[in-house]
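In the order they appear, the protein sequences are chains Z and E. Heads up: the first sequence begins at 928 in my numbering, then just goes up one per residue. Heads up: the second sequence begins at 2 in my numbering, then just goes up one per residue.
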Amino acid sequence: MLLAKPQPWHDPAWPGRVTSTVIFLLLLLPAGYITEFNPAVFFDATSLRASKQFLATFFPPAHSLEFLQLLVQSAWKTVAIATVGMVLALGMALPCSLVANRALSLSRLGRHRMGLLPAIVRAGIRWILSILRSIPELVWALLFVRAVGLGDTAGVMAIALTYGGMVGKVFLEIYEAQDTRAAEALLVNGAGRLQAFCYGTLPSCLPELLSYTVYRWECAIRSSVILGFVGAGGLGQQMELSMRMLNGGEVLSFLLVFILLVWIADRISKGLRTWID
Amino acid sequence: MSRGIRQVQTATAASLGDMTLRYRDGRVALDAITLTFAVGEQVAIIGPSGAGKTSLLHVLACALRPTSGTLAVLGTAHPWNTTTATLHALRKRIFLAPQMPPLPPRQRVVHTVLAGRLPQWNTWQALKSLLYPVDAPLAEAALARFRMEDKLLLRCDRLSGGERQRVGLARMLLSAAPLILLDEPVSALDPVLGLQALQTVQEEARARAATMVVSLHDVGLAHAQFQRLIGLRDGKVFFDLPSAQVTPERLADLYGMEPPDATSDAVAVDASGIKMSRCF
């Protein structure tokens, strides 16, 4: 009697899990069909030969002194574009995210509902941020290349606008995902909004903000390479020339520099996090 | 002496008239509460968990808007009918220490304590102090009154529950608020430290002639340290009496228990399951 015969037990979550997996896979099939994704195409004799020929030119990577100078110069330019773009993006994202932060609403405090004007301002800023980031930086770059001509300014502005929208939105999410009670307790005791942010929100979310900013900087480096392809300066512009001339050695050197830059960004991010802790 | 105190006590620090508070879902949190707190008075609120003690303190702190009835705090009648700016200026003169004070985990204690000064500081002073703590000796002195001076440079997430509570109280010492509201301020402290911490905040309130309202689950402590006890139950004022008149029978009634036998005293009530607090 103490140990009853074990009844067969069914996890009630199991059928739902199976169904959702099957539905997901079924939805994936038409997507593959529409994009005509067919792995067999890689192993087609002609494409195999073409890739082999191009890849064969990769070795050895280009390393003439003249080319290395160009490499360092354009790498430096790429980092500069990414950094300046990122600083401008932060300059826009930080104030926007502070103003739009719902957790710091004074009119909402104790009333459960925000005042009409603050609600409109907050929603407006969220809309602006989402419009900015929904236009890809490549499109911004093409627009700015038209407006200010070929060169680095177009790249900087493209990164500033798209990334400003992204960083602002993610910062907002980070603030609001934190335990907001510390900031609210300060607000209730009469602290100002910026004060409550600095003493209540910032201490707990600073590492996340920093590491996301460094990650975005890393993305900006990669992105400025792509922007270079449409004439917005930096490594991308040079790499596009090498690709066009089918100079595999130079392409490989550029790729190695990308990997190095991303690795450096990763180290910086890690270093910042341990320093903060 | 008693004449002097009486004269001071004629002024009202806060009053509630027929005040009702409903939650968003319509449940009644506080039901037709009428209470008056004189300037300089120290009052303890007791009652079973969920009776509305925390809500009452939040209404007094202007952190929750009453659904109906009247509210006057520190000379401002109907603070919720004023502008947001006026209301917030009033909040600068009220200090509310929430139950288990929410402290940012990565913040150093020195900044946490100095945050008590924020209402008096402008934004620049606040930012400057984040770069290099101003008034750190003041924070250290405040911590010393709770035997915590050695924790000044520790991060808040390295503190125990009792230490966090005392940091919250040290923050109160740095505020200049004439109305002090403490929600279960010593619930995580042992009886000796708890009494000592409570006495420290009471001295401070007396020294600055501040009005203090404290919710306590330790009925014995409330009985011993406060002249006036308010019993709250189901959102209603169950009794509002000088503590001498709060008998064990009344307490048993308040907590909905069998009346104690004649030999037990108020302290004995404490031992029987009152220490339950709400969990979320």
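C-beta: ideal position from N, C-alpha, C; glycine also.
Between E:R172 and E:V114, the C-beta spacing is below 9 Å. The Cβ of Z:E1145 sits no closer than 9 Å to any Cβ of chain E.
For the pair of segments examined, the stretch 212-222 of chain E was found to touch the stretch 171-189 of chain E: the number of CB pairs separated by less than 8 Å reaches three.
Of Z:G1051, Z:A1002 and Z:G1082, the smallest CA-CA separation from Z:L1182 is found for Z:A1002. Using a CB distance below 8 Å, the part of the stretch 1019-1040 of chain Z facing chain E consists of L1033, S1034, L1036, G1037, R1038 and H1039, ordered along the chain. Counting C-beta pairs closer than 8 Å gives three or more between the stretch 1048-1063 of chain Z and the stretch 1088-1100 of chain Z, which meets the contact rule. Taking CB atoms only, Z:T1128 has a neighbour in chain E less than 9 Å away.
Look at E:I231 here: in three-state DSSP terms it is strand. Residue nearest to E:Q43 within the set E:G236, E:E205, E:M101 and E:E164 is E:E205 (criterion: CA-CA distance).
With a cutoff of 9 Å on beta-carbon distance, E:R165 and E:M101 are scored as near each other. Where Z:S1034 is concerned, there is no enclosing alpha helix (DSSP H), because DSSP gives it neither an H nor an E. Taking the Cα of E:I47 as reference, the smallest distance to any Cα among E:D219, E:A143 and E:A15 is reached at E:D219. Taking C-beta atoms under 8 Å as the contact rule, E:L91 and E:V74 qualify, at a distance of about 6 Å. When only Cα atoms are considered, E:A52 and Z:L1021 end up about 42 Å apart. The beta-carbon of Z:A1118 is placed less than 9 Å from the nearest beta-carbon of chain E. Taken through DSSP and simplified to helix, strand or coil, E:P105 comes out as coil.
Z:T984 is the residue among Z:K979, Z:T984, Z:V1026 and Z:V1083 whose C-alpha sits nearest the C-alpha of Z:G1176. At a cut-off of 9 Å between C-beta atoms, Z:S1138 does not count as an interface residue with respect to chain E. The continuous stretches of beta strand (DSSP E) do not include E:L75, and DSSP gives it neither H nor E. DSSP places E:K93 in the coil class of the three-state scheme, outside both helix and strand. Legend: CB atoms of the stretch 87-112 of chain E lying less than 9 Å from CB atoms of chain Z belong to residues L88, H89, A90, L91, R92, K93, R94, I95, F96, L97, A98, P99, P102, P103, L104, P105, P106, R107, Q108, R109 and H112. Using a 10 angstroms sphere on the CB of Z:D938, the tally of other CB atoms stays under 16, which defines it as exposed. By the Cβ criterion, the stretch 1117-1137 of chain Z is in contact with the stretch 116-134 of chain E, since at least three pairs of Cβ atoms, one from each stretch, lie closer than 8 Å. Counting only Cβ-Cβ distances below 8 Å, E:S176 has contacts in chain Z at N1116, in chain order. Within the model, the alpha-carbon separation for E:H59 versus Z:Y1126 is close to 21 Å. Per the DSSP secondary-structure output, E:P243 pairs in a beta bridge with E:R229.
If you draw a straight line from the Cα of Z:R1143 to the Cα of E:P105, it is about 26 Å long. Residues of chain Z whose Cβ lies closer than 9 Å to the Cβ of E:R209 do not exist; the shortest such Cβ separation is about 16 Å. Going by DSSP, E:R23 is part of no alpha helix (DSSP H) but of the beta strand (DSSP E) stretching over T13 to R23. Taking E:L22 as the centre and dropping the five residues before and after it, the same chain places the C-beta of A30, L31, S56, V60, L65, P67 and T68 closer than 7 Å to its C-beta, in chain order.
When beta bridges are read from the DSSP output, E:R156 appears opposite E:R109. Close CB contacts of Z:S1169 within its chain, under the 6 Å cut and outside five residues either way in sequence, are with E1177 and V1178 (chain order). One finds P103 in chain E with Cβ atoms closer than 8 Å to the Cβ of Z:D1106, taken in chain order. Out of E:D191, E:R109 and E:R148, the CA that lies nearest to the CA of E:L154 is found in E:R109. For a Cβ distance threshold of 7 Å, residue set T124 of chain E lies close to Z:L1121, ordered along the chain.
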